[in-house]
Amino acid sequence: MSKTMAILKDNLWTNNPIFIQILGICSTLAVTNNLRNTAIMTLGVALTTAFSSLTLSAMKDLIPRKVRMIIQVLVISFYVIIIDILLRAYLPEVSKQLGPYVGLIITNCIIMGRAEAFAQASKPLLSWWDGLTSGLGYMAVLMGIAVVRELLGFGTLFGIKIMPEAFVPWTIMIMAPSAFFLVAMVMWWAKSMQAGRKPEAKPATPGQQATAAAAPTTTAKA
Amino acid sequence: MKKDSILYVVAFTFAVCAIFVLVLALANESTKDLVEANREFASQSAVLDALGIAWADRSQAATLYKEQVSPVEGSVPPAYRATVDGSGFIAVEHTGAGLWGAITVILAADPEATLIRGIQIVAQNETPGLGGRIEEAWFLGQFKGEKVPGQKIRVAVGAESKGSGDTDTENGLADGVPGASRTSQAFESIVNDALVRVKAIAGGGK
Amino acid sequence: MPPLINPITLFFASIFTSNILLTNFLGMCSFISISKDWKSSFGLGMAVTVVLTITAAVSWLVLRFVLVPFGMEYLSFIIFIIVIAAVVQILEMVIDRASPALYLSLGIFLPLITVNCAILGAILFMQIRSYNFIQAITFGAGSGLGWWLAIMLLAAIRERTEKNPVPAGLKGPGITMITIGFMAMAFIGFSGMIAVQ
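Protein chains in written order, with the working numbering: chain U, 1 to 222; chain R, 1 to 206; chain Z, 1 to 197.
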């Protein structure tokens with residue numbers, strides 16, 4: 001598998017920022033009762049992560065160690081402000097609804113996390129790709145949550161009525177607790193899937209069995 | 001120059017800040033007119049909606065606004081006079097306290113303030129899914145063509161509210177948003193205050 | 001003209017009915033990792049409260065006397081972050097000088113706070129709702145205390161449920177999220193009590 005594909009798989013699934021790393025839930029969970037807002041917010045996060053990783057990776061040899069954090073925050077805020085300005089000019093309705101949450105992208109831990117963990121020691125383009133895929137992994141999960149919340153909470157998807165007229169909206173889905181439960185469900189599902197796959201896959205291939213046997217006895221005991 | 005020398009650190013930070021702020025200032029400056037146009041469109045379309053004037057797109061909204069609505073000179077916050085379907089109406093912008101912050105509405109009514117033509121919400125910060133539902137069509141629709149007996153309308157809260165909208169336009173009563181009594185009560189007093197202003201403007205006030 | 005919302009109502013509403021963590025999801029990152037331990041939760045919660053109150057006041061002044069007069073509101077995100085970082089930095093130095101004991105219990109959490117979304121979030125809410133100075137301070141203090149209360153409660157619950165049998169996939173963060181969900185539901189129950197929504 002090429003390196004770009006490995007990063008893609010890692011960020012979307014094996015190391016997904018939401019259900020494995022539990023990062024950056026804060027800024028977006030609140031808007032997940034509306035699909036359109038979630039799409040725009042998560043896209044904003046993905047783009048900010050991608051471009052701030054790109055910029056920071058390109059500048060990494062120039063940044064003095066003492067002010068690294070401050071420069072990182074500056075770069076991140078720069079892109080977030082650009083997004084805010086664009087939203088205000090071209091999507092005024094969305095900008096009004098998102099309110100303070102656009103600004104909160106700055107404190108999204110994923111962006112800082114990728115800048116520290118990856119962009120710090122990698123080439124600019126690869127960092128860009130890493131940031132983008134991290135953002136996409138984040139987007140995928142939150143969009144899934146938003147589909148459930150908007151469908152059951154309002155009976156609509158992207159504002160278009162889906163549920164039959166007789167459907168009574170579940171108010172709890174619009175309110176905060178449902179988001180916590182849904183995130184927990186996603187975590188449960190993803191972890192069980194990942195845990196379930198590993199023991200099955202191991203005995204299947206003889207090559208892997210051999211390595212497992214050769215490994216220190218800890219695995220044999222377990 | 002050494003990367004960790006104070007001079008380099010200061011110069012570098014300063015340069016980065018300067019470049020970023022410059023780019024941001026440019027971006028802000030270049031979208032300023034667009035933002036202003038958006039703001040104007042938002043306020044004009046809210047006035048048209050409150051007056052019940054149908055519009056299809058942005059340019060039509062601007063023409064209709066120019067033809068049918070005339071701002072009342074010197075009134076702050078803005079108020080408008082308009083003639084729709086042969087009768088005169090007054091629309092006022094009014095801001096009152098909600099639970100979380102200001103709620104700004106545009107209310108259109110006849111000059112005697114006995115019949116509400118319509119209400120639009122310009123800005124609100126209420127809890128999404130609770131008080132925030134005052135923006136929904138079923139809630140605002142209740143006020144369309146509602147008679148105002150004794151200069152006041154009432155928003156039902158608690159057990160009295162059916163939570164689905166009051167279709168009777170004669171009783172001066174609207175259903176509050178279920179679970180959001182405080183916002184509903186705040187909305188009631190904002191509407192009543194706005195009605196007082198409509199009457200004052202009809203009488204030649206600002 | 002921003003209408004006046006009673007600061008006392010605002011204070012209690014921001015602690016209970018509109019808890020910044022349980023209804024606005026702000027400050028989740030450190031919340032989940034730190035809440036494993038009751039003592040650290042107390043320290044972090046207190047630090048958040050102190051920093052939030054001070055930064056709310058400072059940001060309000062900066063917004064009112066610097067950003068608005070010079071028409072630089074579009075830069076507000078950067079400026080607020082810098083204000084937060086500066087307040088945290090100064091507070092750390094002051095506490096270190098004044099009381100080494102307090103520094104040991106509170107100071108170690110301060111660096112964590114700069115990137116805590118609850119702080120920036122509360123400040124942005126303050127800006128968007130155009131609060132006055134008194135409202136800004138009470139909202140800041142209330143939000144901070146609300147955060148402290150939420151993390152204390154969660155830490156206490158986690159201490160109790162640590163040994164409980166939980167499906168493997170839900171262990172750790174999963175069951176914590178469900179716990180937070182129940183807490184959020186319980187907090188909705190406060191709405192009738194203070195008669196705010």
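Backbone N, C-alpha and C define an ideal beta-carbon position, used for all residues, glycine too.
Continuous beta strand (DSSP E) stretch holding residue i: start and end
| i | result |
| --- | --- |
| Pro-71 (chain R) | 69-71 |
| Gln-120 (chain R) | 116-123 |
Residue j beta carbon less than 8 Å from that of residue i
| i | j | result |
| --- | --- | --- |
| Phe-11 (chain Z) | Gly-142 (chain Z) | yes |
| Leu-107 (chain R) | Ala-194 (chain R) | yes |
| Ala-156 (chain R) | Asp-168 (chain R) | no |
| Arg-114 (chain U) | Gly-131 (chain U) | yes |
| Gln-142 (chain R) | Gly-165 (chain R) | yes |
| Ile-153 (chain R) | Leu-140 (chain R) | no |
| Ser-189 (chain R) | Pro-178 (chain R) | no |
| Ile-18 (chain U) | Tyr-101 (chain U) | no |
| Leu-56 (chain U) | Val-75 (chain U) | yes |
| Val-51 (chain Z) | Leu-21 (chain Z) | no |
| Pro-64 (chain U) | Asp-4 (chain R) | yes |
| Ala-42 (chain R) | Ile-85 (chain U) | no |
| Ile-70 (chain U) | Thr-13 (chain R) | yes |
| Ile-53 (chain R) | Val-84 (chain R) | yes |
| Ile-123 (chain Z) | Ser-18 (chain Z) | no |
| Ile-113 (chain Z) | Pro-7 (chain Z) | no |
| Val-122 (chain R) | Thr-104 (chain R) | yes |
| Lys-147 (chain R) | Gly-172 (chain R) | yes |
| Ile-79 (chain Z) | Leu-67 (chain Z) | yes |
| Leu-170 (chain Z) | Ala-184 (chain U) | yes |
| Thr-183 (chain R) | Gly-131 (chain R) | yes |
| Ile-188 (chain Z) | Met-175 (chain U) | yes |
| Ala-202 (chain R) | Arg-117 (chain R) | no |
Bridge partner(s) assigned by DSSP for residue i
| i | result |
| --- | --- |
| Lys-147 (chain R) | R:Leu-115 |
| Arg-81 (chain R) | R:Ser-70 and R:Ile-90 |
| Ile-103 (chain R) | R:Gly-96 |
| Val-155 (chain R) | R:Ala-174 |
| Thr-156 (chain U) | U:Lys-161 |
| Ala-108 (chain R) | R:Ala-91 and R:Gly-118 |
Per-residue contacts from residue i into chain U (C-beta, under 7 Å)
| i | result |
| --- | --- |
| Asp-57 (chain R) | By Cβ distance, chain U contributes nothing, its closest Cβ being about 15 Å from Asp-57 (chain R), past 7 Å. |
| Ala-184 (chain Z) | Ala-176, Pro-177 and Phe-180 |
| Phe-14 (chain R) | None at all; the shortest Cβ gap to chain U is about 11 Å. |
| Pro-173 (chain Z) | Ile-22 and Met-187 |
Interface residues of chain Z facing residue i [CB-CB closer than 8 Å]
| i | result |
| --- | --- |
| Val-105 (chain R) | Correct list: empty, because the minimum Cβ distance to chain Z is about 13 Å. |
| Asn-28 (chain R) | Tyr-74 |
Limits of the alpha helix (DSSP H) - the one that residue i falls within
| i | result |
| --- | --- |
| Ile-7 (chain U) | 3-9 |
| Trp-38 (chain Z) | 38-62 |
| Asp-84 (chain U) | 68-90 |
| Pro-17 (chain U) | Taken as a continuous stretch (DSSP letters only), Pro-17 (chain U) belongs to no alpha helix (DSSP H), as it is neither H nor E. |
| Ser-75 (chain R) | Counting along the chain, Ser-75 (chain R) falls outside any alpha helix (DSSP H), and DSSP gives it neither H nor E. |
| Leu-22 (chain Z) | No alpha helix (DSSP H) holds Leu-22 (chain Z); DSSP gives it neither H nor E. |
| Trp-147 (chain Z) | 133-161 |
| Arg-65 (chain U) | Segment: none, Arg-65 (chain U) is in no alpha helix (DSSP H) and carries neither H nor E. |
| Trp-138 (chain R) | 137-141 |
| Val-23 (chain R) | 6-51 |
| Thr-171 (chain U) | 171-174 |
| Glu-188 (chain R) | 181-202 |
8 Å Cβ cut-off: residues of chain R touching residue i
| i | result |
| --- | --- |
| Trp-78 (chain U) | Just to set this straight, residue 78 (chain U) is Phe in the shown sequence, not Trp. Near Phe-78 (chain U) (Cβ distances below 8 Å), the residues of chain R are Phe-20, Val-23 and Leu-24. |
| Ile-128 (chain Z) | Gly-101 and Asn-125 |
| Trp-143 (chain Z) | A small correction: the amino acid at residue 143 (chain Z) is Ser; Trp does not occupy that position in the sequence shown. The contacting residues do not exist; Ser-143 (chain Z) stays about 12 Å from chain R at best. |
| Val-67 (chain U) | Val-9, Phe-12 and Thr-13 |
7 Å Cβ cut-off: residues of chain R touching residue i
| i | result |
| --- | --- |
| Ser-18 (chain Z) | Thr-127 |
Under 8 Å by beta carbon: chain U residues contacting residue i
| i | result |
| --- | --- |
| Ala-168 (chain Z) | Lys-191, Ser-192 and Ala-195 |
| Leu-34 (chain R) | Ala-89 and Tyr-90 |
| Leu-106 (chain Z) | Per Cβ cutoff of 8 Å: no residues; Leu-106 (chain Z) is ~21 Å from chain U at best. |
Partner residues on chain U for residue i, Cβ-Cβ distance less than 9 Å
| i | result |
| --- | --- |
| Tyr-65 (chain R) | Near Tyr-65 (chain R) there are no residues of chain U at all, since even the closest Cβ is about 17 Å away, more than 9 Å. |
Where residue i meets chain R, residues with beta-carbon distance less than 9 Å
| i | result |
| --- | --- |
| Leu-282 (chain U) | Since the first and last residues shown for chain U are 1 and 222, residue 282 (chain U) lies out of range. |
- Query: Can we say the region 78-94 of chain R touches the region 12-20 of chain R, given the rule of at least three CB pairs closer than 8 Å?
  - Reply: At 8 Å Cβ cutoff, the stretches do not touch.
- Message: Can you confirm whether the region 31-45 of chain Z touches the region 124-141 of chain Z when touching is taken to mean that 3 or more C-beta pairs between the two stretches lie within less than 8 Å?
- Response: Judged by Cβ distances under 8 Å, the region 124-141 of chain Z makes no contact with the region 31-45 of chain Z, as fewer than three pairs qualify.
- Task: Inspect the CB distances between the region 83-90 of chain Z and the region 177-192 of chain Z and report whether three or more fall short of 8 Å.
- Result: Taking 8 Å as the limit for Cβ pairs, the verdict is that the region 177-192 of chain Z does not touch the region 83-90 of chain Z.
- Determine contact between the region 39-57 of chain Z and the region 104-113 of chain Z, defined as no fewer than three beta-carbon pairs at a distance below 8 Å. Contact annotation: the region 39-57 of chain Z touches the region 104-113 of chain Z, with at least three C-beta pairs closer than 8 Å.
- Any chance the region 60-77 of chain Z sits against the region 122-133 of chain Z, with 3 or more Cβ pairs inside 8 Å? By the criterion of at least three beta-carbon pairs nearer than 8 Å, the region 60-77 of chain Z is in contact with the region 122-133 of chain Z.
- Query: Using 8 Å as the Cβ pair cut-off and three pairs as the minimum, do the region 106-113 of chain U and the region 22-31 of chain U touch?
  - Reply: Enough Cβ pairs lie closer than 8 Å, so yes.
- Kindly confirm or deny that the region 127-146 of chain U and the region 51-66 of chain U touch, where touching means at least three C-beta pairs closer than 8 Å. With the cut-off at 8 Å, the region 127-146 of chain U and the region 51-66 of chain U touch.
- Message: I'd like to know if the region 30-37 of chain U and the region 154-163 of chain U are in contact, where contact means that at least 3 CB-CB pairs between them fall below 8 Å.
- Response: Taking a cut-off of 8 Å for Cβ pairs, the region 30-37 of chain U and the region 154-163 of chain U touch, as three or more such pairs fall below it.
- Any chance the region 33-41 of chain R sits against the region 87-95 of chain U, with 3 or more Cβ pairs inside 8 Å? Yes: at least three Cβ pairs fall under 8 Å.
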